[in-house]
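Have a look at this one:
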């Protein structure tokens with residue numbers, strides 16, 4: 042055994058010294074970082090330890106070799122090199138194919154989103170993207186979808202595609218073939234070159250569940266096409282406030298009033314009226330209707346809330362549901378999905394709680410920051426506002442922060458304000 046150890050060390054050092062296996066080993070390191078989502082300090086520490094051990098093994102092997110203490114046969118070197126090449130090369134091949142795909146996509150006007158990323162993922166911070174898991178792409182040319190389809194096998198993790206300038210109707214000609222990417226369910230259309238005809242193409246994309254439109258000057262005809270997308274769960278149709286309102290009317294809005302799965306709908310900067318929005322009260326799963334910059338009065342907003350008692354109807358991000366919508370307030374301490382600790386049925390108390398929470402939401406001194414509700418809500422004091430049939434919204438007071446999951450935002454609240462809320466609850 043004492044003679045075998047330096048032989049293996051020398052063989053391992055010789056194998057790692059070859060460029061091919063060394064490159065594959067680097068690819069394997071990237072794969073492990075992707076797989077385990079390691080913190081940066083762990084990556085640096087592991088790299089330093091492996092480097093020192095490799096240098097020590099190579100030095101020891103060279104020393105023993107010079108003294109003739111390690112007389113291993115050529116087949117030992119070949120066996121070790123082959124095993125390492127097979128192990129590391131499999132992972133390296135995946136990295137190579139992914140990198141080649143990203144390069145070809147770039148040449149075709151398709152870019153990996155967030156090349157400068159605030160994500161905690163170490164690979165995204167250092168490389169600009171995770172080479173093993175590309176999830177978001179930007180199409181900025183007419184041949185973008187063609188390029189994505191060419192590399193579909195390397196984009197199995199793709200979740201969303203955004204279409205920007207120069208990506209007109211022709212860029213959407215083959216979107217139906219994107220159904221072959223099962224994880225790709227989100228699309229954002231920012232290109233003003235896309236018309237109602239391009240929106241019609243999106244109707245052939247059966248996996249599409251989340252659609253964001255901000256840029257195309259769609260009309261009622263475009264809404265008719267959207268009304269046939271019965272698989273949609275989330276829809277945003279908007280125009281920036283510094284631009285003219287979108288040319289859609291109450292008649293066009295009626296086209297999307299029967300989408301069976303729609304749970305979130307944003308209609309921004311349009312001339313639709315409260316009567317037009319009332320047509321949406323029959324949507325069976327609608328949980329959030331956001332309609333700012335549409336000129337709704339306070340009374341019209343109230344009328345909409347009462348017509349949709351189980352839905353959050355907002356005209357700005359500060360508003361919560363109306364007290365009249367709430368049948369009861371459920372209080373949960375600890376796990377937000379845990380067993381309720383109590384319930385409030387008194388209308389006056391519910392109104393007072395909502396008023397305090399809206400004061401927090403409107404407070405200009407609070408620095409709001411984004412968080413990811415999908416990662417799990419922290420334990421704390423959670424309030425569930427329940428409508429006649431189902432929950433309208435849920436918000437929480439955790440670690441000194443006011444959490445608003447429907448906006449993915451949280452803000453620090455003073456101890457005095459927190460005490461105000463607790464005194465209102467049983």
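Residue numbers (this note's numbering): 42 to 467.
All C-beta atoms, glycine included, are put in the ideal place defined by N, C-alpha and C.
- residue 271: buried (16+ other C-beta within 10 angstroms of its C-beta) or exposed? exposed
- Message: Quick check: what's the CA-CA separation for residue 146 versus residue 188?
- Response: 6 Å
- Item | Burial state of residue 284, where buried means 16 or more other Cβ atoms lie within 10 Å | exposed
- Query: Does DSSP put residue 436 in a helix, in a strand, or in coil?
  - Reply: strand
- Helix, strand or coil at residue 331 according to DSSP, with G and I counted as helix: strand
- Task: Assuming residue 178 and residue 152 form a contact by the criterion Cβ under 8 Å, report the distance between their Cβ atoms to the nearest whole angstrom.
- Result: 7 Å
- Whole-angstrom Cβ separation of residue 382 and residue 394, contact assumed at under 8 Å? Not a contact, Cβ separation roughly 15 Å.
- Rank 449, 448, 459, 432 by C-alpha distance to the C-alpha of residue 440 and give the top, closest one. 459
- 9 Å Cβ cutoff met for residue 435 and residue 425: yes
- Query: Between residue 238 and the rest of its own chain, which residues show a CB-CB distance below 6 Å, the 5 nearest in sequence each way excluded?
  - Reply: 210
- Where the beta strand (DSSP E) through residue 177 begins and ends: 177-180
- Query: Which full runs of the beta strand (DSSP E) of 3+ residues lie inside the stretch 184-244, going along the chain?
  - Reply: 201-204, 227-230
- Pull up the DSSP beta-bridge partners for residue 255, would you. 279
- Query: For the stretch 375-404, which segments carrying the alpha helix (DSSP H) assignment without a break, of at least 4 residues, lie completely within its bounds, in sequence order?
  - Reply: 388-403
- Secondary structure at residue 407, three-state DSSP: helix, strand or coil? coil
- Message: Using C-beta distances below 6 Å, list every residue in its chain close to residue 159, excluding the 5 sequence neighbours before and after it, in chain order.
- Response: Model confidence at residue 159 stands at a pLDDT of 44, short of 50, so the residue's coordinates are unreliable; what they give is reported in the following sentence. Counting only Cβ-Cβ distances below 6 Å, and skipping sequence neighbours, we find nothing.
- Option in 266, 201, 234, 223 with minimal Cα separation from residue 194: 223
- Message: So, does the stretch 241-248 touch the stretch 293-306, judging by three or more C-beta pairs under 8 Å?
- Response: no
- Item | Cβ distance (whole Å) where residue 289 is taken to contact residue 259 below 8 Å | 7 Å
- Query: Is the stretch 341-350 close to the stretch 391-410, with three or more CB pairs under 8 Å?
  - Reply: no
- Message: Could you compute how far the alpha carbon of residue 354 sits from the alpha carbon of residue 294?
- Response: 16 Å
- Message: Can you tell me whether residue 289 is helix, strand or coil according to DSSP?
- Response: coil
- How would you write the range of the alpha helix (DSSP H) that residue 344 sits in, first residue to last? 339-348
- Task: Below 7 Å CB to CB, which residues in the same chain sit around residue 419 once its five sequence neighbours on both sides are set aside?
- Result: 439, 440
- Task: Drop a sphere of 10 angstroms on the beta-carbon of residue 455, count the other beta-carbons inside from all chains shown, and report buried for 16 or more, exposed for fewer.
- Result: exposed
- Query: So, helix, strand or coil for residue 262, using DSSP?
  - Reply: helix
- Give the C-beta separation of residue 229 and residue 253 to the nearest angstrom, bearing in mind that I take them to be a contact with Cβ-Cβ under 8 Å. 4 Å
- Task: Look at the Cβ atom of residue 452, then the Cβ atom of residue 446, and state whether they are nearer than 9 Å.
- Result: no
- Could you give the distance in angstroms between the alpha-carbon of residue 333 and the alpha-carbon of residue 356? 4 Å
- the ligand GTP heavy atom lying under 8 Å from the CB of residue 456: Of the ligands one can find in the structure shown there are none, so the ligand GTP has no counterpart to examine.
- How many Å lie between residue 257 and residue 375 at the Cα? 45 Å
- Message: Check this for me: beta carbons of residue 344 and residue 315, under 9 Å apart or not?
- Response: yes
- Item | Environment of residue 255 [buried if 16+ CB atoms lie within 10 Å] | buried
- Query: In this structure, what does DSSP give as the bridge partners for residue 152?
  - Reply: 179
- Look up residue 463 in the DSSP assignment and say whether it is helix, strand or coil. helix
- Identify, in the order they occur along the chain, each residue of the same chain with its Cβ nearer than 7 Å to the Cβ of residue 199, setting aside the five sequence neighbours on each side. 175, 176, 178, 222, 224, 225
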